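Residue numbers (UniProt numbering), protein chains in the order written: chain B, 1 to 326; chain W, 1 to 326. C-beta: ideal position from N, C-alpha, C; glycine also. Fair warning: this is a prediction, and the values are worked out from it, not measured in the lab.
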């Protein structure tokens, strides 16, 4: 009799994790669709079974895994970095764009146009060692706070997406970031924030070179664009870094369209997921218009293509990871 | 008493794999040095312990993991591919270089110089879909045989290196290829030949693009060089794809010097390994001179830098994986 009691307890303990909700911050139809896809591709012997080596999932970062308003966080880093560099050496402020950045004046900076933005990015991202650049990003993440939420930027990751990434890995998926953001910028926080190690981060990049400085080998960041990991560049980046077609892709803007299109074309079970920014109160509401994260084609074609449209307001019971932080 | 016999058997069974020689085709000092390095970095609590996430090992391919004589195998593929394409459409033979390739005349091809070689590479590697290119490589590997050994090219991998890769992975390392060869060429065989999946293959590449062809998304290989993964390009490629400094690097030529230099600079236990081609009978003997795999600086500096110089003739009891094939 005792034996059976013991076995019962053992079974209960063993069933525990299996029964737990893998996506506690999700609700509604999009949650059901995602879970049934993941269960279908990981069910050994099932019609839609996919071998773990081919369970590749790719996600955009800005607006998909973390917020991107009022401007891309990497641009805020660039502006803050110009201010920091100017405090040490004001002579670097050789243009209106750099002066606007050093003053934290985003309106004046925007008025300088695309060229002004490129100047600010160049001053903060180029002709610096990769090591120093990543130290700068790391120091910025410690100090900087978001103007609206007051949170650390790396706590403005979406809790439901962090849960999804973990759930996918628990089910044998490899999870990748495929973002228009800087590859070496994202690697500073991707492992802690998302559990995604550096080699699974794909992004835009500038050229770099190998130099001997005082007898020590150093990777120096150059000044030319090397790869633009956006739009049609995303499938190209995927095949360059991963070398195989994913079966799940998540994005939030038309910059992710080709990645979802590429991922969901072909044989076998495939899933495209769009995060739709519908929550003006807890986050931001935007789609068809604006200067960032514009979503038109994706919104028009998601239904016909069978892609899951995540309604942030309805489908997510919690938004930011940092909301639950002590 | 019976209990103790059982425990003894259990212990013996458990010790079995631990006692087995992880590098059966190796002998001598280089074997000892490699094993003591691997044991040192994986001994929990030891002074040289390295966490598994940082146990990154990188290896050149041509001349390090498989043979590279009389010319790079990828060039043989290119020449054979031109002959195959010309058999279907002789009008493609618009130059002396292409005619020499179609005739399999390597001397005449060499006489056309670097430009001729680039023409042959272009005809076989560019303006083709990535899918078709990899199908071509796969078909070639099935059919082609090496002129000296009569083996399949993907059986001319070095058995001792295949053992080393497996041993490293068993000890928690991530194993990468970092080669001057084509990234999408190597991915066709790297998983079967070395147990290295596509996302862990880094190499040279040409540009590619995402195109819709008859409503189907296709990755097309372009015609411009995108990245040259050789010499100082190797550390750059490593930081682009992996994003962290390796602790073990293996090569065979001066094209690998910077990769070994980069890998073995810095804190903690680090190992550089050079495969020295010393076996004219079972393989080829070459180092300081020739058109391929030239090793001068590496040979001069290996001792002072503490790098292991593998003497193929003395240190390897077996050369090719294919020698043991049925």
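At a cut-off of 7 Å, the C-beta of residue 210 of chain W has a neighbouring C-beta in chain B. Non-local beta-carbon contacts of residue 218 of chain W in its own chain, meaning distances under 6 Å to residues more than five positions away in sequence, involve 129, 211 in chain order. Of all residues in the stretch 227 to 246 of chain W, those with a C-beta nearer than 7 Å to a C-beta of chain B are 232, 235, 236, 239, 240, 241, 242, 243, 244, reading in chain order. For the pair of segments examined, the stretch 56 to 76 of chain B was found to touch the stretch 276 to 293 of chain B: the number of CB pairs separated by less than 8 Å reaches three.
Contact between the stretch 219 to 239 of chain B and the stretch 166 to 178 of chain W is absent: fewer than three C-beta pairs spanning the two stretches fall below 8 Å.
Residue-level contact check: residue 301 of chain W does not touch chain B, since none of the beta carbons of chain B fall below 7 Å from its beta carbon. Exposed is the label assigned to residue 213 of chain W, since fewer than 16 other Cβ atoms lie within 10 Å of its Cβ. Taking C-beta separations shorter than 7 Å and ignoring five residues to either side along the sequence, the partners of residue 145 of chain B in its chain run 151, 152, following chain order. Contact annotation: the stretch 238 to 246 of chain W does not touch the stretch 272 to 288 of chain W, with fewer than three C-beta pairs closer than 8 Å. Contact residues of the stretch 43 to 55 of chain W toward chain B are 53 (C-beta to C-beta distance below 8 Å).
If you draw a straight line from the Cα of residue 171 of chain W to the Cα of residue 204 of chain B, it comes to about 33 Å. Rounded to whole angstroms, the separation of the alpha carbons of residue 168 of chain B and residue 227 of chain B is 28 Å. Each of W/42, W/125, W/97 was checked against the Cα of residue 117 of chain W, and the nearest Cα belongs to W/97. Close to chain W, meaning a Cβ-Cβ distance shorter than 8 Å, is no residue of the stretch 57 to 85 of chain B at all.
In this structure, residue 173 of chain B sits near residue 55 of chain B, with a CB-CB distance shorter than 7 Å. Taking 7 Å as the cut-off, the beta carbon of residue 188 of chain B is found closer than this to the beta carbon of residue 138 of chain B. Taking 7 Å as the threshold, the shortest C-beta distance from residue 160 of chain B to chain W does not fall below it.
DSSP places residue 173 of chain W outside both helix and strand once states are collapsed to three, so it counts as coil. Among the residues of the stretch 243 to 271 of chain B, those with a Cβ less than 7 Å away from any Cβ of chain W are 243, 244, 258, 261, 262, 265, in the order of the chain. Nearest in C-alpha terms to residue 78 of chain W, of all of W/105, W/261, W/53, is W/105.
DSSP places residue 276 of chain B in no alpha helix (DSSP H) but in the uninterrupted beta strand (DSSP E) bounded by 271 to 278.
Residue 100 of chain W and residue 108 of chain W do touch by the CB rule: their CB atoms are close to 4 Å apart, below 8 Å. Residue environment for residue 127 of chain W: exposed (fewer than 16 other C-beta atoms within 10 angstroms of its C-beta).
Inter-residue distance for residue 102 of chain B and residue 84 of chain B is about 8 Å (C-alpha atoms, whole angstroms). Restricted to the stretch 132 to 164 of chain W, not a single alpha helix (DSSP H) segment is unbroken, complete and at least 4 residues in length. Your pair residue 276 of chain W and residue 248 of chain W does not check out as a contact, with CB atoms roughly 17 Å apart and the cut at 8 Å.
Chain order gives the chain B residues near residue 198 of chain W as 242, 243, 244, where near means a beta carbon separation below 8 Å. Restricting attention to B/259, B/268, B/251, the CA atom closest to the CA of residue 311 of chain B is found in B/251.
Under the three-state reduction of DSSP output, residue 207 of chain W falls in the strand class. Contact note: residue 109 of chain B does not reach chain W at a C-beta cutoff of 8 Å; the least C-beta distance is about 30 Å.
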